[in-house]
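Undergrad:
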Amino acid sequence: MFVVVEERDHYHRFYQEEHTIVPYSQRIRAMEEWFPLPFLQRFSERICAKIGYPKEEYFLYKPQFDLSWVLRALAVGRAENIDVFQAEFPGYGVPAAIASHLLGMIRSWKGGRRPISSIVQHNVEWDRLAEFGHRVSSIRMMEVYALKMVDEVIAVSADDKRRMVAAGVDTQKITVVPHGVDMRRFSGGDGEIVRTEYGISPQTPVLIFHGTLHYWPNTEAVRFIRTRLLEPLLAQHPTLKILICGMNPPLEYSHPAIIFTGSVYNLEDYISAADVCICPLFAGGGTRLKLLEYMAVQKPIVSTSKGAEGIPLTGQMIISDTAKEMIREISYLLHHPKKQKELGYMAKRFVSTLDWDRVSEAYVRLYSGLDRGKDWSIPTADIEAHLPSRLPSKDRTLLLLINKGCNLRCSFCDLWEGKEQLPLNAVYPIFDDAVEIGTKVLVITGGEPMLHRDVFSMITAAKNRGLSVNMTTNGTLIEKYWDKVIAAPLDSLSFSIDGLEDVHDVLRGQKGAFAKTISAIKRVRSELSVSCSIYFVATNQNVHQLKDVFDLACDLGCSFDFWPVNDAPELYITQPKDVQKWKEAVSYIALQSKKVYRNQAFYQDGMRYHAKLEEGRSVRCLGLIDQYGITYDGWLLPCCVWGKDELRVGNVLETPLRTLWKSSEVQEHRTSLYKKGCNAGCFNHSLYEFSASTGESFLVEKEEEYVEKSTV
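With numbering that gives the first Met the number 0 as the guide, the letters of the sequence shown map in order to residues 0 to 711.
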């Protein structure tokens, strides 16, 4: 991503979290001094005054009259081979559109494609300014002109789209994409750092408001806080402090109880330091990014109706439109920590669907020519409504069983029988729907997936749709298909190793299998930039070699995961000597693996599973939410326990995945899986992922315990 700003000497490059300042060429720098460019830079202020823009916001509107902005955008477009010119304000939309057309003319000489131009319309600016008494007829005309010039308009709320359509902007070119929030960042704030920095004790009540403070709606909010809220609140809470964060604070509203922090890089820490977040806005539009950030930190919010505009109200915040109401609600929350936690919990659950990773998908699809004009508005209901507030355990993952049939004969698996395969032409709509429902990762499995004649075409098709692709394999066919392996756009490979050579070959039913797999791993590691992992299924036949295989994985440069064998009672680890070997191995691996160290209780519970101490007690995972499985014959399942008919919730070869995913039948299964659990007989990493994500046990409470708690 490249950012052009008012600086005339350089632009900014952002790549994989690295920021680089890039100087313009001497030629471009010299051209910025050519007449009439310096004259237009000065004259643009006079035009802004003539149109009626507020003086403090001239910097937002001058670019549409300043050809030096077009020059800089065009220079970056040529130098960096830009595909999209995205303007973050209508005033920048005009130079973006002109640069797009000029670069398109240059590229057409070589048969190239014109880049797209777009405006992200964070507010309908003429409405915002009208609310503060500005005369906006000329402002409205210029804004609509800019919106019509660009190829695409991105509104952040359906209300804003309706207002632009009413002003004459083509409805088909306006795509509604709500603001997002970095859930991982804002879930990790440390408020103690901020309270210590400003000498605020843990008992002191703290409010927070933040924004770009020279932006007029935010300036007015600060005035409201100082002149209407502060004194009555201090009368009830004498030690109260109000953190106001953002650049260019209006210092005329200073007070000993108000802390103007200026711009802060660790905003999540400041929000975490507050007891209550406030948003007393009375103008503006779009979706308030600040509110999403407050929600992500799991804080209670008191906002005006205008401040909460664009966000469906589901009980996750308090709305107060007068100073008297706001004072009453803030004071109530400061006196009731339990209510603070309740609102914070509801807010975080609401905002969890708006992580930037998910929201950015709308931009990618729009700029790829898909879903133009679609409304990606904040959903009023979601598939996680039955869950506690949580972070995703992982990117949404499709586990795709593409075939039955295997060249090995593992003693704890029956997928080697038969030769059924998922047809290639059935895969394409599955992948398209998978992307539409937010899937990021595809795991191709079998049987042995390399026995499927079209497996490499499937890998390419998935990668072309933006999915990260993993393939699980026994590794014995890697050498045979090496030319196809090196050409495939794989992101990772997972190999099954269940012991050293003597044990592995017996469990896998083929002499020499171990040597072939190890040889394959070494070749992949040395010749390809593909990450590798080793999976170990622990049984009473191999548990004594668990530590050895872990060491082997480390030596080979592979990640490692393991779990007790599922649904094979004859192989369960029940003898005391075997149980002891398991415990020793878990302790040994935990010293070197943070993941195992964090989940030692889960691994020890694996022996309870084998000993059947929890027989009759259900477990739960995030199936049909963070992960789901599809079989070679189209059955949709919550996981990869392939042989259980009771887990089937529909068939994607009969009903499209995108339809099933949102169906009431599948939602009922999700809710049942959480509340009642599952007895399909699995015990793997899906269980500890559930606990890590929700903070709850993966074991479902026994019915008598639930009844007892409910009656307390």
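Virtual Cβ for every residue (Gly too), placed ideally from N, Cα, C.
Predicted, not measured: the structure shown is a model, and the values here were computed from it.
#1: Nearest-angstrom Cα distance between residue 200 and residue 697?
#2: List the endpoints of the continuous beta strand (DSSP E) containing residue 12.
#3: By Cβ distance, which residues of its chain are closer than 7 Å to residue 424, with the 5 residues on each side in sequence left out?
#4: Please report the distance separating the alpha-carbon of residue 405 from that of residue 630.
#5: Out of curiosity, what's the CA-to-CA distance linking residue 114 and residue 373?
#6: Quick check: the stretch 490-500 against the stretch 540-560, are there 3 or more CB pairs under 8 Å?
#7: Please go through the stretch 81-152 and give each complete alpha helix (DSSP H) segment of 4 or more residues, from N-terminal end onward.
#8: Return the CA-CA distance between residue 699 and residue 690, expressed in angstroms with no decimal places.
#9: Terminal residues of the continuous alpha helix (DSSP H) containing residue 430?
#10: Residue 560 by DSSP, collapsed to three states: which one?
#11: Classify residue 574: buried if its beta carbon has 16 or more other beta carbons within 10 angstroms, exposed otherwise.
#12: Based on the DSSP output, what are the partners of residue 240 in its beta bridges?
#13: Considering only residues of the same chain and omitting the five flanking positions on each side of residue 182, which have a CB-CB separation below 7 Å?
#14: Assuming residue 444 and residue 471 form a contact by the criterion Cβ under 8 Å, report the distance between their Cβ atoms to the nearest whole angstrom.
#15: Under the three-state reduction of DSSP, which class applies to residue 22: helix, strand or coil?
#16: With the cut-off set at 9 Å, would you say residue 539 and residue 506 are in Cβ contact?
#17: Compare the C-alpha of residue 556 against each of 524, 109, 129, 33 and name the closest.
#18: From 215, 23, 36, 10, pick the residue whose C-alpha is nearest to that of residue 714; which is it?
#19: Spatial neighbours of residue 73 within its chain, please: C-beta separation below 7 Å, excluding the five flanking residues on both sides.
#20: May I ask you to list the residues that DSSP assigns as paired with residue 471?
#21: Going by DSSP in three states, residue 658 sits in which element: helix, strand or coil?
#22: Find the nearest neighbour of residue 481 within the set 491, 519, 464, judged by alpha-carbon distance.
#23: Could you tell me which of 453, 88, 616 sits nearest to residue 141, measuring between CA atoms?
#24: Using a Cβ-Cβ cutoff of less than 6 Å, which residues in the same chain neighbour residue 454 once the five nearest sequence positions on both sides are dropped?
#25: With DSSP run on the structure shown, which of helix, strand or coil describes residue 308?
#26: Which residues share a DSSP beta bridge with residue 396?
#27: Would you please state the rounded distance, in angstroms, between the beta carbons of residue 563 and residue 584? I believe it to be under 8 Å.
#28: Going straight from the alpha carbon of residue 138 to that of residue 10, what length do you get?
#29: Can you tell which of 321, 12, 680 has its C-alpha closest to the C-alpha of residue 611?
#30: Output yes or no for whether 9 Å exceeds the beta carbon distance between residue 387 and residue 688.
#31: Under 8 Å by Cβ, that's how I've got residue 228 and residue 322 pegged, so tell me the actual separation to the nearest angstrom.
#32: Cutting at 7 Å between CB atoms, please list the residues of its own chain near residue 705, excluding the five before and the five after it.
#33: When the Cα atoms are used, what is the spatial distance from residue 226 to residue 349?
#34: What residue does the alpha helix (DSSP H) around residue 726 start on, and which one ends it?
#35: Which residues mark the beginning and the end of the alpha helix (DSSP H) in which residue 47 is found?
#36: Just checking my contact of residue 326 with residue 232 at CB under 8 Å: how many whole Å lie between their CB atoms?
TA: Let me lay it out:
#1: 38 Å
#2: DSSP places residue 12 in the uninterrupted beta strand (DSSP E) bounded by 9-14.
#3: none
#4: 15 Å
#5: 21 Å
#6: They touch, by the three-pair rule.
#7: 89-107, 124-130, 136-148
#8: Between residue 699 and residue 690, the C-alpha separation is close to 11 Å.
#9: 423-435
#10: strand
#11: exposed
#12: 205
#13: 295, 351, 354, 390
#14: Confirmed, Cβ separation roughly 4 Å.
#15: If DSSP states are grouped into helix, strand and coil, residue 22 belongs with the strands.
#16: no
#17: 524
#18: The question about residue 714 has no answer here: the residues shown for the chain are numbered 0 through 711.
#19: 98, 101, 102
#20: 493
#21: helix
#22: Ranking 491, 519, 464 by Cα distance to residue 481 puts 519 first.
#23: 88
#24: 448
#25: coil
#26: 440, 626
#27: About 11 Å separates the two Cβ atoms, so there is no contact after all.
#28: 29 Å
#29: Of the candidates 321, 12, 680, the one whose C-alpha sits nearest the C-alpha of residue 611 is 680.
#30: no
#31: About 6 Å; that satisfies the 8 Å criterion.
#32: A caution first: residue 705 carries a pLDDT of 32, below 50, which makes its placement in the model unreliable, though a value can still be read off. If we look at residue 705 and ignore the five residues flanking it on each side, it has no Cβ neighbours.
#33: 32 Å
#34: Here the chain comprises residues numbered 0 to 711, so residue 726 is not present and cannot be evaluated.
#35: 36-50
#36: 6 Å
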